Every structure is written in C-alpha cells, then in structure tokens.
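J.:
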Amino acid sequence: MTSFKPLRALARAAAASCVVSCALAATAARADIKVGIDLSSTGPAAAIGITSKNAMLMWPKTIAGQNAQYIVLDDGSDPGAAVRNIRKLINEDHVDVIVGPNITPAALAALDPVAESQTPMITLIGSASVVEPQEGKRVWAYKMAQTDRAMADVMTRYMANHNVKTVGFIGFADSYGDSWLSEFTKFAELRHIQVVATERYNRTDASVTGQVLKLMAARPDAVLIAGAGTPTVLPQRTLVERGFKGPIYQTHGIATPEFIKLGGKDVEGTLFPTQPVVVARTLPADHPAKKAALAFVNAYEAKYGPGTVTQFAGDAAGVYPRLEDAVTRALKTAQPGTTEFRVALRNELEHAHELVVPNGVVNTSAKDHVGLDQRASVMGIIRGGKFVYLSQ
C-alpha cells in the first residue's frame, strides 16, 4: 500500500511556500504612489516651470521603496488651466499628492480642489498666502520656497546696513506683487525705510515707462521690482534707460539664467535675496545647506549644462526628500491610492525635522507648512553675468 505521508508533507510545504509567495506578491502588488504635477512650462512663467520640470525629471523612480508614477501637466501660466489640470489629476488619475503650481494665483486657486478631495499639495511658489493662516483649506497646502516675509527681512536688513532710506516699489499687479508690497512695507517700517512711490504692472505688459517715470520723480535711494521670471527685466531695463543711478533690488523670483540672458548689461549689479542653490558655489563653507546645494547643482548642470540651475529647480529637487521623508511614515498606516493614505501623508508632511534639502533645512509643524528658517535666506548680486553670494 502506498503511503500518503510524503504527499501530505509535500502539500504542507507547498502550502507554506504559497503563504510566503502570496505575501510577497501582495507586497509587490501594493499600489504605486502617484504624484500629480502642475507646472507653468509655457507662458510668462515658463522660465520657472521648465527648470522645475527639469529637476523633477531627475527624481528616482521609487519613493520610500515604492514604485512612483509622476504625471506632469502644463498650465500655460494660467490659473484657470491649473485648476482644470489639478481636478483631472485628482478625479481621473487618482493621485496621492499634488506638486505645484509654481505661480501664486494658480496655487491659491488650487486650494478648493485639493481641500475638497483631501489631497495634500506641495506648491513651488514664493508667497506664503497659500499656507497662511494654517486653517480651513490651507491645511492641505505646503510650500517649498522660502517665504516672501523671510526674503523681505534679509533684503531690508541689507538695505538698512547700506544706508538706503527711501525706496520706490514696482511690482506685479497680482497676488505675488500684493504679498511682496505687504511684507516689504512691514520690514521697511521696522528698519526706518520709507516707501515713497508704489507702482504696479502686468506680467504681459510691453511698456512700463509711465510707472518708471513716476518712480523716478519720487527720487528714491533705491528701487525694488517685485516680480518673477523674465517679465521682471522690463522695469529694470526701463529704469536703466531713463538714467536711474541708484541700486536696483529684485526678489528671489528672478533667479533664472533667462533673466541674465535677457537682461544682459542692464541687470548687472542687481541685488536680490535668494536661497542656497542659486549661489551654491560661493556660499561660505560652513553654511548648513552647502553640501546638499552643491551636490544638486553639480548633478543638474552635468545634465543640463553650466549655468542652468535656478532656485526653482532647487525647490523642485527638495520636494523629493520631503516626500520620501513623509511617505516612509505614511506607509505604516495606509496604502497609496486611498483617502487614508492621502490624509496620513498630509499629516506626516507636518513632521519634517532638520531635513536638509538643497535650498535649506526643513522643520515643519501643524502651524508651519514651510519649515524654513534664515538658513534658507541669503543676499546675492549679479556680477559678471553670474549669481554670486553677497551676505546673510
């Protein structure tokens, strides 16, 4: 009579093997992490969006050991298109997180769809208006770039130390300009600097001669241009052509190679606040972000060419370690592709601690969805056609 003991033993071994195999298969079958990205790769803000996208193309294919899908859409620098993109990413692609937009009006408009769907959003804008105050819809928003407030602080400190007493202001006629005028005025008053003239212009304007003549009539010691990308060249060129001899300050929104290329000799000597990536090679050796900033700059320029890195590329590069840090913890409580995971990811993005990214050191909390301190703010100057570190 044939014994069935060996067959039973084999069956038990096969069953045990199946348990292990099935468990591994289940792990391997865990849903990919989907990252929906909205950028201004065309339109007036293209100089910002293109370099952000370039940095994202360097991101690893996994996040915290999980396969990642990156879905990138262009909003053409149009807030309405940005909202349509984000709704598509949420409702059709079922992403776990939104990255972008990179212009302030679009980021503010995006608050409704991300809050409605409980999808965290990591924006690439300068203005803090998308994350402050931390209540209501804004609890779903985070921001990579240093705040206008911190940049206005370092800028006005530099102005005061260099005997600037009066300033003429010309900024975008939108929320970016609004934010900068508000923050700059607060710190200017603190440091006894008077804003003697205020003018506005649109990103698509072909002339600002009228505004510049009014600024110059007020005879300011210096002029601040509050804009981002290549549209900021126009008022500076007009000031130079009309004979303004005082120092010209710009915001951290200018730090692209296109600004220098388009501005040429007219932007030489421009003073501006910025973040570590832009001036990485000339940062002091003891700056806490220099190692990370320099490593990113070297990798980015090896891929895209010398002199191509921007602050916006640095911000985009920093999104990846922010995500990996938060995703690592979120995966312990929920799976990608679920509301529970999106909520967990939003919560964990609040717990970055001394996380070094190319543009600074991040410490977030329930009240602070930026997490950058003054280690992410330095003054720079355009010298010899390059962005150069100037001071803290």
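Residues -25 to -1, 1 to 367, numbered by mature numbering (1 follows the signal peptide of the UniProt record, and there is no 0), are exactly what the sequence shown covers, in order. Backbone N, C-alpha and C fix where the C-beta goes; we use that ideal spot for every residue, glycine too. Note that the coordinates shown come from a computational prediction; the quantities given were computed from them, not determined experimentally.
(1) Which of helix, strand or coil does DSSP assign to F162?
(2) V139 to E164, Cα distance in whole Å?
(3) In chain order, what residues of the same chain lie with their CB nearer than 8 Å to the CB of V89, ignoring the 5 residues before and after it?
(4) Whole angstroms are fine: how far does the CA of A309 sit from the CA of E233?
(5) Give the straight-line distance between the Cα atoms of H328 and N338, rounded to the nearest whole angstrom.
(6) Apart from the five residues on each side of it in sequence, which residues of its chain come closer than 6 Å, Cβ to Cβ, to Q121?
(7) Of the residues A270, E323 and A230, which one's Cα is nearest the Cα of A20?
(8) Just curious, the beta strand (DSSP E) that V331 is in, first and last residue?
(9) Just to confirm, are K9 and Q41 a CB contact at a threshold of 7 Å?
(10) Between A255 and I23, how many whole angstroms is the CB-CB distance? I'm expecting something under 8 Å.
(11) Please report the distance separating the alpha-carbon of I168 from that of K265.
(12) If we call anything under 7 Å between Cβ atoms a contact, is P189 one with E174?
(13) Can you tell me whether Q286 is buried or exposed? The criterion is at least 16 other CB atoms within 10 Å of its CB, across all chains shown.
(14) Tell me, please, which residues DSSP counts as bridged to S366.
(15) I need the boundaries of the alpha helix (DSSP H) containing N66, first residue and last residue.
(16) Output the distance between the C-alpha atoms of V345 and R217, rounded to the nearest integer angstrom.
(17) Can you name, in chain order, every residue of its own chain whose Cβ lies under 8 Å from the Cβ of G205, other than the five neighbours on each side?
(18) Let me confirm a value: K240 is counted as buried when at least 16 other C-beta atoms fall within 10 Å, else exposed. Which label applies?
(19) Identify the continuous alpha helix (DSSP H) that holds K265 and give its terminal residues.
(20) Report the CB separation of G146 from A201 in whole angstroms; it is logged as a contact under 8 Å.
(21) Would you tell me roughly how many angstroms separate the C-alpha atoms of D68 and Q225, rounded to the nearest one?
(22) Pick from P195, Y275 and N334: whose alpha carbon is nearest that of A268?
(23) Distance check for F219 and F362, CA to CA, integer angstroms please.
(24) Would you grab the beta carbon distance between S150 and S102 for me? Rounded to a whole angstrom, and I think it's under 8 Å.
(25) Take the Cβ of A277 as the centre, count every other Cβ of all protein chains shown within 10 Å, and call the residue buried at 16 or more, exposed below.
(26) Please report how far the alpha carbon of P54 lies from the alpha carbon of A82, in whole angstroms.
(27) Exposed or buried, E158, counting other C-beta atoms within 10 Å across all chains shown (16 or more means buried)?
(28) Could you pull out every residue in the same chain whose Cβ sits closer than 6 Å to the Cβ of Q349, ignoring the five residues on either side in sequence?
(29) Could you pull out every unbroken alpha helix (DSSP H) segment of at least 4 residues lying fully inside the segment 78 to 164, listed in chain order?
(30) If I'm right that G143 touches P195 with Cβ under 8 Å, what's the distance once you round it to whole angstroms?
(31) Three-state secondary structure (DSSP) at R304?
T.: Short version:
(1) Note: F162 maps to helix in three-state DSSP.
(2) In a straight line, the C-alpha of V139 is about 12 Å away from that of E164.
(3) If you ignore the 5 residues before and after V89, its C-beta comes within less than 8 Å of the C-beta of I61, I65, I73, P95, M96, K112, W115 and A116, all in its own chain and listed in chain order.
(4) Spanning the two alpha carbons is a distance of roughly 43 Å.
(5) In this structure, the straight-line span from the alpha carbon of H328 to that of N338 is close to 5 Å.
(6) Close CB contacts of Q121 within its chain, under the 6 Å cut and outside five residues either way in sequence, are with Q250, L347, A351 and S352 (chain order).
(7) Nearest option by C-alpha distance: A230.
(8) Segment L330 to V332, the beta strand (DSSP E) holding V331.
(9) Against a cut-off of 7 Å, the Cβ pair of Q41 and K9 comes out as no contact.
(10) Between I23 and A255 the Cβ distance is about 18 Å, and since that is not below 8 Å, they are no contact.
(11) Taken atom to atom, the span from the alpha-carbon of I168 to that of K265 is near 32 Å.
(12) Note that residue 189 corresponds to Lys in the displayed sequence, not to Pro. The answer is yes: Cβ separation under 7 Å.
(13) Q286 comes out buried.
(14) DSSP lists M354 as partners of S366.
(15) Start and end: P54 to N66.
(16) Approximately 39 Å between the Cα atoms of the pair.
(17) The identity of residue 205 in the sequence shown is Thr, whereas the question assumes Gly. P19, A22, T231, E233, F234 and L237, listed in sequence order.
(18) By the neighbour-count rule (16 or more Cβ atoms within 10 Å), K240 is not buried but exposed.
(19) Looking at the DSSP string, the run of the alpha helix (DSSP H) that includes K265 is K265 to Y279.
(20) Rounded to the nearest angstrom, the Cβ distance from G146 to A201 is 3 Å, consistent with a contact under 8 Å.
(21) In a straight line, the C-alpha of D68 is about 39 Å away from that of Q225.
(22) In terms of CA proximity to A268, N334 leads the group P195, Y275 and N334.
(23) If you take the alpha carbons of F362 and F219, they lie about 22 Å apart.
(24) Contact between S150 and S102 holds, with the beta-carbon distance rounding to 6 Å and staying under 8 Å.
(25) The residue is exposed, with fewer than 16 neighbouring Cβ atoms inside 10 Å.
(26) Their backbone Cα atoms lie some 8 Å apart in a straight line.
(27) Answer is buried; the Cβ neighbour count reaches 16.
(28) Result list for Q349: empty, nothing under 6 Å.
(29) For the segment 78 to 164, whole alpha helix (DSSP H) runs of length 4 or above, ordered along the chain, are 79 to 84, 86 to 92 and 123 to 136.
(30) Their Cβ separation, rounded to whole angstroms, is 4 Å, which keeps G143 and P195 in contact under 8 Å.
(31) In the structure shown, R304 sits in a helix (DSSP, three-state: H, G or I).
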